Amino acid sequence: MTTQTETTEFSYHPRWEQFKSKLGGWSLTTYGILAFAFLYLPIIILVIFSFNESRSVSKWTGFSLHWYSEMFQDDRIMLSVWNSLFLAVVSTAIATVLGTLAALGLERYQFRGKTAIDSMFYLPVIIPDIAMAIMLLLFFNMSGIGFTPWKVQFFGVKLAVPYSVIIGHVAFNTSFVAIVVRARLAQMDRTLEEAAQDLYADTWRTFQRITLPMLMPGIIGGALLAFTLSLDDFVITFFTSGAGFNTLPVRVFGMIKKGVTPKINAVSTLMLAVSLSLVIISILLRTRSGDDETVQMGF
Amino acid sequence: MERLRRNPELQAWLLLAAPVIFLLIFFMAPLLIVFIYSFLERGKYGGVEWVFTLENIRRVFDPLYFRTFLRSFNIAIITTLITLILGYPLAYFIANSPPHRRSALLFALMIPFWTNFLIRTYAWLTLLRTHTGLINVSLMNWGIIEKPLPLFGNDFAIILGLVYGWLPVMVLPIYAALERLDKSLLEAARDLYASNFHAFRRVTWPLSIPGVVAGSMLVFIPSLGAFVTPAILGGGKSLMIGNIISNQFLGAHDWPFGSALSMVMMIAMLIATVIYFRWTVKSEALA
Numbered sequence: 003m004t005t006q007t008e009t010t011e012f013s014y015h016p017r018w019e020q021f022k023s024k025l026g027g028w029s030l031t032t033y034g035i036l037a038f039a040f041l042y043l044p045i046i047i048l049v050i051f052s053f054n055e056s057r058s059v060s061k062w063t064g065f066s067l068h069w070y071s072e073m074f075q076d077d078r079i080m081l082s083v084w085n086s087l088f089l090a091v092v093s094t095a096i097a098t099v100l101g102t103l104a105a106l107g108l109e110r111y112q113f114r115g116k117t118a119i120d121s122m123f124y125l126p127v128i129i130p131d132i133a134m135a136i137m138l139l140l141f142f143n144m145s146g147i148g149f150t151p152w153k154v155q156f157f158g159v160k161l162a163v164p165y166s167v168i169i170g171h172v173a174f175n176t177s178f179v180a181i182v183v184r185a186r187l188a189q190m191d192r193t194l195e196e197a198a199q200d201l202y203a204d205t206w207r208t209f210q211r212i213t214l215p216m217l218m219p220g221i222i223g224g225a226l227l228a229f230t231l232s233l234d235d236f237v238i239t240f241f242t243s244g245a246g247f248n249t250l251p252v253r254v255f256g257m258i259k260k261g262v263t264p265k266i267n268a269v270s271t272l273m274l275a276v277s278l279s280l281v282i283i284s285i286l287l288r289t290r291s292g293d294d295e296t297v298q299m300g301f
Numbered sequence: 021m022e023r024l025r026r027n028p029e030l031q032a033w034l035l036l037a038a039p040v041i042f043l044l045i046f047f048m049a050p051l052l053i054v055f056i057y058s059f060l061e062r063g064k065y066g067g068v069e070w071v072f073t074l075e076n077i078r079r080v081f082d083p084l085y086f087r088t089f090l091r092s093f094n095i096a097i098i099t100t101l102i103t104l105i106l107g108y109p110l111a112y113f114i115a116n117s118p119p120h121r122r123s124a125l126l127f128a129l130m131i132p133f134w135t136n137f138l139i140r141t142y143a144w145l146t147l148l149r150t151h152t153g154l155i156n157v158s159l160m161n162w163g164i165i166e167k168p169l170p171l172f173g174n175d176f177a178i179i180l181g182l183v184y185g186w187l188p189v190m191v192l193p194i195y196a197a198l199e200r201l202d203k204s205l206l207e208a209a210r211d212l213y214a215s216n217f218h219a220f221r222r223v224t225w226p227l228s229i230p231g232v233v234a235g236s237m238l239v240f241i242p243s244l245g246a247f248v249t250p251a252i253l254g255g256g257k258s259l260m261i262g263n264i265i266s267n268q269f270l271g272a273h274d275w276p277f278g279s280a281l282s283m284v285m286m287i288a289m290l291i292a293t294v295i296y297f298r299w300t301v302k303s304e305a306l307a
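So the protein lines, in turn, are chains G and D.
Here the working numbering runs 2 ahead of the position in the first sequence, where the first position is 1.
Here the working numbering runs 20 ahead of the position in the second sequence, where the first position is 1.
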């Protein structure tokens, strides 16, 4: 049946048209390959030169792991790694709870003033990070709360993470989590919930037994997005941390300003490996839950 | 408890209370502070004097700063156009690949996007630098050029860095629009002897416009507010509005002026967004 329609479809195409569409297909594929090369080549070159023997990041002189051992021996880099991880864990945990609550409230209910609340949750996503950074900087300066560090032991490492940075990360992450969880909620089949209610389950039990488990892939997706965004953030951390606190991106920025060495490439490769594993985790979760790709990516 | 069960509005507010209060304190209040600071006089050591003035707003339009504003606008528009021109065919390519390959390609598109922005910018720094960048070093070694090309420390480098950084963000929404597109419409167009070009122009393009709009906004806004890219690839000479803003807080200690600059920047973004939406809605209606 299908072959039938295909032959009829092509039979009224003149030869020239057929050739043209084939040519179009080839050039599209060639373009696709070139575009991906453009996206990947700079990153690949960056990784290659992290293994360079000399100080140069543009002249290959030989293979060496020298810059990696330098990186692992640099206490300030290692401390900034722990700072980044702690910040990501804490801000993700808070933002996931807040974002999920917001998603439930906004997706499932109608009430006065909803449009205003709705827009408030979209604002932190679209506002440029430099604007958000200076907003928070002024706020913490004026209110007098925030710059004091939270002294904490994290996997045996002593950290001092300013509350201002944690709050800043939660502020942008909450919105992202809310968007991802809302997308999942909007797609969710509600018949099971209705069935539970028909069987006299109260609101809380329905939520606990049906809604929450079905929502889990969305919540995990939102949390992963938040975790990645928190690890990646440079601008907001840079402006809200006050002096002396470094996350890995802030440390890298400082290093770049001082001069380019393969050590920065080594740190970059480490960060690349982390983001890559996070992407793989989210892909695995997605294929398990059979979700729409675009939803999980935060759009 | 009974009242709570009967009253969905109360339920909604119970759910929303914590996140809304959080955002009111840590997002809306800071936004309000920036707005208020824009109209205050600068203090001696950073900080502000609580005296009303329009001087900061006037200074934003001083040619010295306004030129940077216009240049940033220019850079953001050019960046958006180039990412659209590069991104649309890429989205089309992914959407028209066989389904099993499609998710692999999307995955491949997302990896650079999830890679730290700072690092991707740094990667271009090592490629573009005038005397020690890989491109100039290689071209000179191969004897293709004698003097290094001006690849770094200018608008070219910034635009390249921004296009590279935001290309995946342009591709995703266009891909989503193309993927949702009802293929039977294209078949209908073909049945009516529409050429490929005509079918694209009359069917595919108009239906993908929502994706184009979303992608353009997602690229334009962060490009206009760019801070990292010009700081690294601008070589200290080529600056954008984001750098001028940050200088007011890191170096000049002129907080009210920095606030005024970011207020005007956000308002400009809002206006640009509204105009763009109006314009695309109109062209969608015409198509």
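Virtual Cβ for every residue (Gly too), placed ideally from N, Cα, C.
Just so it is clear, the structure is predicted and the values come from calculations on it, not from any experiment.
Indicate whether at least one CB of chain G lies closer than 7 Å to the CB of residue i.
| i | result |
| --- | --- |
| D:MET130 | yes |
| D:MET160 | no |
| D:THR135 | yes |
| D:TRP144 | yes |
| D:PHE55 | no |
| D:GLU61 | no |
| D:PHE72 | no |
| D:ILE265 | yes |
| D:PRO118 | no |
Helix, strand or coil: how does DSSP classify residue i here?
| i | result |
| --- | --- |
| D:TRP162 | coil |
| D:GLN31 | helix |
| G:ALA319 | Only positions 3 to 301 of chain G appear in this structure, which leaves residue 319 of chain G out of reach. |
| G:PHE21 | helix |
| G:SER13 | Bear in mind that a pLDDT of 48 at G:SER13, under 50, signals an unreliable position, so the model cannot answer this. |
| G:VAL127 | helix |
| G:ILE195 | The sequence shown places Glu at residue 195 of chain G, rather than the Ile named in the question. DSSP places G:GLU195 in helix when its eight states are reduced to three. |
| G:GLN112 | coil |
| D:PRO118 | coil |
| D:VAL71 | strand |
| G:ASP294 | Summary for G:ASP294: the model assigns pLDDT 48, below 50, so the residue's position carries little reliability; its value from the coordinates is reported in the next sentence. Correct three-state label for G:ASP294: coil. |
| D:GLU207 | helix |
| G:ILE54 | Note that residue 54 of chain G corresponds to Asn in the displayed sequence, not to Ile. If DSSP states are grouped into helix, strand and coil, G:ASN54 belongs with the strands. |
| D:ARG62 | strand |
Quick one: is residue i near chain D, going by C-beta distance under 7 Å?
| i | result |
| --- | --- |
| G:ASP234 | yes |
| G:ALA104 | yes |
| G:VAL281 | yes |
| G:VAL127 | no |
| G:MET257 | no |
| G:GLU179 | Correcting the residue type first, residue 179 of chain G is Val in the shown sequence and not Glu. Output row for G:VAL179: interface = no. |
| G:GLN20 | no |
| G:MET122 | yes |
| G:TYR70 | no |
| G:ARG17 | no |
| G:GLY107 | yes |
| G:GLY34 | yes |
| G:SER243 | no |
| G:ALA198 | no |
| G:LEU214 | no |
| G:PRO251 | yes |
Let me know if residue i comes out buried or exposed under the rule of 16 or more other beta-carbons within 10 Å of its beta-carbon.
| i | result |
| --- | --- |
| D:TRP299 | exposed |
| G:LYS160 | exposed |
| G:PRO130 | buried |
| G:PRO264 | buried |
| D:PRO83 | exposed |
| G:THR63 | exposed |
| G:ASP152 | The question names Asp, but residue 152 of chain G in the sequence shown is Trp. Per the 10 Å Cβ criterion, exposed. |
| D:ILE139 | buried |
| G:ALA245 | exposed |
| D:GLU61 | exposed |
| D:TRP275 | buried |
Pull up the CB-CB distance for residue i and residue j, whole angstroms please, since I reckon it's below 8 Å.
| i | j | result |
| --- | --- | --- |
| D:ILE261 | D:PHE89 | 6 Å |
| G:ARG238 | G:GLY170 | It should be pointed out that residue 238 of chain G corresponds to Ile in this sequence rather than to Arg. That pair is a contact at about 5 Å. |
| D:SER58 | D:ILE77 | 7 Å |
Exercise. Assess, as a yes-or-no matter, whether the stretch 118–126 of chain D is touched by the stretch 268–283 of chain D under the definition of 3 or more beta carbon pairs within less than 8 Å.
Key: The stretch 268–283 of chain D is not in contact with the stretch 118–126 of chain D.
Quiz item: Can we say the stretch 104–115 of chain D touches the stretch 178–195 of chain D, given the rule of at least three CB pairs closer than 8 Å?
Solution: By the Cβ criterion, the stretch 104–115 of chain D is in contact with the stretch 178–195 of chain D, since at least three pairs of Cβ atoms, one from each stretch, lie closer than 8 Å.
Quiz item: How about the stretch 198–217 of chain D and the stretch 95–102 of chain G: do they share at least three Cβ pairs that are nearer than 8 Å?
Solution: Judged by Cβ distances under 8 Å, the stretch 198–217 of chain D makes no contact with the stretch 95–102 of chain G, as fewer than three pairs qualify.
Practice problem: Pair every Cβ in the stretch 25–42 of chain D with every Cβ in the stretch 96–115 of chain G, then say whether three or more of these pairs are closer than 8 Å. | Solution: The stretch 25–42 of chain D vs the stretch 96–115 of chain G: in contact.
Quiz item: Should the stretch 175–186 of chain G be called in touch with the stretch 223–234 of chain G, which here means at least 3 C-beta pairs below 8 Å?
Solution: The stretch 175–186 of chain G, when compared against the stretch 223–234 of chain G, does touch it at the 8 Å Cβ threshold.
Quiz item: Taking contact to mean at least 3 C-beta pairs separated by less than 8 Å, is the stretch 70–78 of chain G in contact with the stretch 155–171 of chain D?
Solution: Between the stretch 70–78 of chain G and the stretch 155–171 of chain D, the count of Cβ pairs shorter than 8 Å is below three; the stretches do not touch.
Quiz item: How do the stretch 230–238 of chain D and the stretch 196–204 of chain D stand: do at least 3 beta-carbon pairs fall below 8 Å, yes or no?
Solution: Taking a contact to require three or more Cβ pairs closer than 8 Å, the stretch 230–238 of chain D and the stretch 196–204 of chain D qualify as touching.
Quiz item: Looking at C-beta atoms only, is the number of pairs between the stretch 133–151 of chain G and the stretch 162–179 of chain G that lie closer than 8 Å three or more?
Solution: Yes, the stretch 133–151 of chain G touches the stretch 162–179 of chain G.
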